[in-house]
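Notes follow once the structure below has been shown.
Residue numbers (the numbering used here), protein chains in the order written: chain B, 672 to 811; chain S, 4 to 208.
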């Protein structure tokens, strides 16, 4: 303890003794209090063991995930009915031409619609009765 | 290498730190292997010292208990980082404790108070020890305790590590994160101050 680094001054030894005694006496925790304050020990070994076997397992799991997901993507792309982007483009090209030829047909439909619309009935002006008395009263 | 001092004479060279012995290493290895009893043993071995160190630096039981818990919690979790080649386990543990005491003191330095206290400006004194906590001390011990409180935090840390923990200057330097020379000069100041403050106590004996 202090023996290795003792100060030649006697007061230093005396002070050390006094301070040690005082701190020992002042810092007396209640019985059992320190035990209550002990934090739970962490499980280092379990963590390390987990780490040891987890590393290859993680690599295998990652590889399996990548493989399965790529297979899944491949299959799902075929489940669309075999339509690849090239095929879709080809279909679009084919449908352009018939649309142009169908234009007259659509015009005819419009004309038919106009014909089919019934003409509005003439306004029944003749049916309005003009009272002769009112007409005469405005006359000078 | 030795230093001479007109008042204190020769200050011996700080010795090499007493690094962790074999039994201690075995205990630490058992802890790292996850043996719960080893943790209990380690805690029982050091908790009293850590608590007293914290209490003497903070002068407050609740704060000392919190520091004790925090220190061991951190030490248990970081046990794998402890390097027996660099320092003794006790030094490493004390370093953790002193660091937490400083944090606690820093936080208490900014006092929290209720708004009702504002008109009277009676802010609570964070440094004042609770009277009941040292009520059981005798008159002489009370004077020593008071003298320790009079020292600045830096000098108090040094004095407690030197007088209570029995550390060399090199070990004090390791704990406080300062060079051994600085620890030595701080100790010189602390010694002078304590000797003046406790002149009557020392002279009585």
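Glycine included, every Cβ here is placed at the ideal spot set by N, Cα and C.
Values in this document were obtained by computation on a predicted structure and should not be read as measured data.
| request: Would you check if the distance between the CB atom of residue 73 (chain S) and the CB atom of residue 110 (chain S) is smaller than 7 Å? | output: In this structure, residue 73 (chain S) lies away from residue 110 (chain S), with their beta-carbon atoms at least 7 Å apart.
| Listed by chain order, chain B residues near residue 147 (chain S) by CB distance under 7 Å | Simply 689, 690 and 693.
| message | Can you give me the C-alpha to C-alpha distance between residue 202 (chain S) and residue 143 (chain S), rounded to a whole angstrom? | response | Inter-residue distance for residue 202 (chain S) and residue 143 (chain S) is about 12 Å (C-alpha atoms, whole angstroms).
| said: So, does the region 150-167 of chain S touch the region 189-197 of chain S, judging by three or more C-beta pairs under 8 Å? | reply: Segments in contact, yes.
| request: Would you identify the three-state DSSP class for residue 188 (chain S), choosing helix, strand or coil? | output: Correct three-state label for residue 188 (chain S): helix.
| Under 7 Å between C-beta atoms, does residue 188 (chain S) make it to chain B? | The beta carbon of residue 188 (chain S) sits no closer than 7 Å to any beta carbon of chain B.
| message | Any beta carbon from chain B within less than 7 Å of residue 79 (chain S)'s own beta carbon? | response | Among the residues facing chain B, residue 79 (chain S) is included, as its CB has a counterpart in that chain under 7 Å away.
| query | Just the Cα atoms here: how many angstroms apart are residue 81 (chain S) and residue 51 (chain S)? | reply | Take the alpha-carbon of residue 81 (chain S) and the one of residue 51 (chain S): they are about 20 Å apart.
| query | Is the Cβ of residue 701 (chain B) closer than 7 Å to any Cβ of chain S? | reply | Interface with chain S (7 Å Cβ-Cβ cutoff): residue 701 (chain B) is excluded.
| Of the residues B:732, B:709, B:727 and B:730, the one placed nearest residue 53 (chain S), counting alpha carbons only | When C-alpha distances from residue 53 (chain S) are compared across B:732, B:709, B:727 and B:730, the shortest belongs to B:709.
| request: Step through the CB atoms of chain S and report whether any lies within less than 7 Å of the CB of residue 735 (chain B). | output: No, its Cβ sits nowhere closer than 7 Å to a Cβ of chain S.
| Residue burial classification, residue 683 (chain B) (beta-carbon count within 10 angstroms, cutoff 16) | Result: buried.
| task | Using only alpha-carbon positions, find the residue among S:63, S:150 and S:44 that is nearest to residue 690 (chain B). | result | Ranking S:63, S:150 and S:44 by Cα distance to residue 690 (chain B) puts S:150 first.
| task | Please check if any C-beta of chain B sits within less than 7 Å of the C-beta of residue 92 (chain S). | result | No, residue 92 (chain S) lies away from the interface with chain B (no Cβ there is under 7 Å from its Cβ).
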